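According to the UniProt record's numbering, the sequence shown is numbered sequentially starting from 1.
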Amino acid sequence: MRGSAPLIAAPGWRYAVIGGLYAYQGLVAGFAITALPNHYAAMGATTAAVGAHVATVGLPWILQPLWGPVVDRFGGFAMGRRRFWVVAALALSLLALARLLLVEDESVAGLPAVSAVFLVQSAFAALTDTATDGMIIDNVPAERLGTANAVTRVGFVCGAALGAALFAWMLPAQGLHASAAALLGIGTLALLLPLLVRERATDAVLSLRPAPAHAAGETFPRLLRRLAASFAGGATLILLVVCFATDYLGALFRLPLTVELIQNRGWEAEALSRFQAATALVTGTAGALLVGWWTDREGTSRALAILLSLCAASHLGAAALLLSADPRWAAMTGPLALGLSTVTPALLFVALAPAVMQASLGPAAATRFALFMASLNMGDVAGSAMAGQVAAAVGLPAVGLAAGGAFGVLALLSRLGVARRLGLS
């Protein structure tokens, strides 16, 4: 059927949809990669076990580019080119999450079963994300991409903060099943927005019918040729490396630091989750909106150079704090180090995302953007998987110093004009 549903062309509805979708994505992330790891760490899970869980949750996001051609090629639905996939994928991700209600062992021994549920859920969440990003690229003017990405960041961070704080309390107090039920209920509400807001006035509000033939996506061979052409000159490959490096460096330091705080520095899992949520909320709302506006005004190249420099300074500062041997300050230097190493990478993403979207413009937009996002996620997964071994081998302060130095190199390259030659200005 067709109806008078609101359109994504209206800025208010557009930002409501993308903000709502990213808020729920953040809520799941707050549950899966903040509250759950802290909860299991408090029950005695090792850094390696926690890292394996985080890596498992992130693994489908590495494979996100596989969804890009599906969304780009098979967009010929009466519901809309991207909206059909957003609704279908979100519904399937909720169905996957329902499997948590059947997990019987809530002890550390049951963590692999929980990880397996999120492995499947993340696959459909990655499809939702791919379709949503394609919808943003298709419908947001280039001069408003910074603001649009700030909205996605605010939505994600607010959701992640709520997820971390809410489920840090619910997991020990109410258990896994009650927490999963709450997550499913909120997800059902989040599904209403893409159901109601259409991409085009001629789109069906709800339908499984195909669109007219002229609205169908490109053929696979032509899509692949366009994608291959985007790698000409190596600029795309370099940008992929930059994306990988930023998330790899952050995860390599951040994950073992959270385990260190809980197991060796006297922090309770719930208190640490609340601290992480509050830090993310402050920087991811006003901070993200400010950086998004500033990036639109000043240009991505300048914003990236400054934020990469701040990432370098914050990681070096965090490492210096951890070197303090005074036991009177041990309880506070750790969380301060965690805050420093979390805030600036989050703001860096707000400046990096518009550059990636500009580099993704074209018929294969969803596929190209998914490649960049997969590079970011691959960095996070690789850093999480290696964090325990690296920290055990060289110590947390050394990891922080190395991460700060690497961010400094990226900042220097950006200042020397590499970002501009890559088309990031």
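The beta carbon of each residue, even a glycine, is placed where N, CA and C say it ideally should be.
Quick caveat, the model's predicted, so the values are computed rather than measured.
- P210 is bridged by DSSP to F77.
- Our two residues, L255 and G51, have alpha carbons roughly 7 Å apart in a direct line.
- Excluding the 5 residues flanking it on each side, V108 has same chain C-beta neighbours closer than 8 Å at Y40, M43, G44, A45 and A49, in chain order.
- Of the residues assessed, D105 falls on the exposed side of the cut-off, its CB having fewer than 16 other CB atoms within 10 angstroms.
- By the neighbour-count definition (other C-beta atoms within 10 Å, threshold 16), Q64 is a buried residue.
- Residue pairing of R198 in beta bridges, as defined by DSSP: L7.
- When the Cα atoms are used, R302 and G187 turn out to be separated by approximately 38 Å.
- Under the three-state reduction of DSSP, A204 is assigned to coil, being neither helix nor strand.
- Excluding residues up to 5 positions away in sequence, L21 and V86 lie with their Cβ nearer than 6 Å to the Cβ of T132 in the same chain.
- T202 counts as exposed, since fewer than 16 other C-beta atoms from the protein chains shown sit within 10 angstroms of its C-beta.
- Cβ neighbours of A91 within its own chain (closer than 8 Å, five residues either side excluded): L191.
- The beta carbon of L119 lies closer than 8 Å to those of T56, V57, L59 and P60 in the same chain, with the five residues before and after it left out.
- Residue environment for G185: exposed (fewer than 16 other C-beta atoms within 10 angstroms of its C-beta).
- Annotation for T34: no alpha helix (DSSP H) segment contains it, and DSSP assigns it neither H nor E.
- Minimum Cα-Cα distance from A337 among the listed residues G388, P210 and R265 corresponds to R265.
- By the Cβ-count criterion, P354 is buried, with 16 or more other Cβ atoms from all chains shown falling within 10 Å of its own Cβ.
- Judged by their CB atoms, A148 and R14 are nearer to each other than the 9 Å cut-off.
- Out of I8, A180 and L252, the CA that lies nearest to the CA of G404 is found in L252.
- In the structure shown, T46 adopts coil according to DSSP, grouped into three states.
- Segment contact: the segment 390-398 against the segment 286-304, fewer than three CB-CB distances shorter than 8 Å; contact not assigned.
- Across the set I137, A346, P112 and G400, the C-alpha of P112 shows the shortest separation from the C-alpha of A32.
- Straight-line spacing of the CA atoms in R73 and G400 works out to 43 Å.
- For P172, the enclosing alpha helix (DSSP H) stretches over residues L145 to Q174.
- If the five residues before and after G408 are omitted, its C-beta is found closer than 6 Å to the C-beta atoms of A312, all from its own chain and listed in chain order.
- For R82, the three-state secondary structure derived from DSSP is coil.
- Per DSSP, reduced to three states, the secondary structure at G266 is coil, with no helix or strand assignment.
- By alpha-carbon distance to D138, the top candidate from A160, H177, G175 and E199 is E199.
- In the DSSP assignment, P112 falls within the unbroken alpha helix (DSSP H) covering L111 to N139.
- Going by DSSP, L412 is part of the alpha helix (DSSP H) stretching over L396 to R415.
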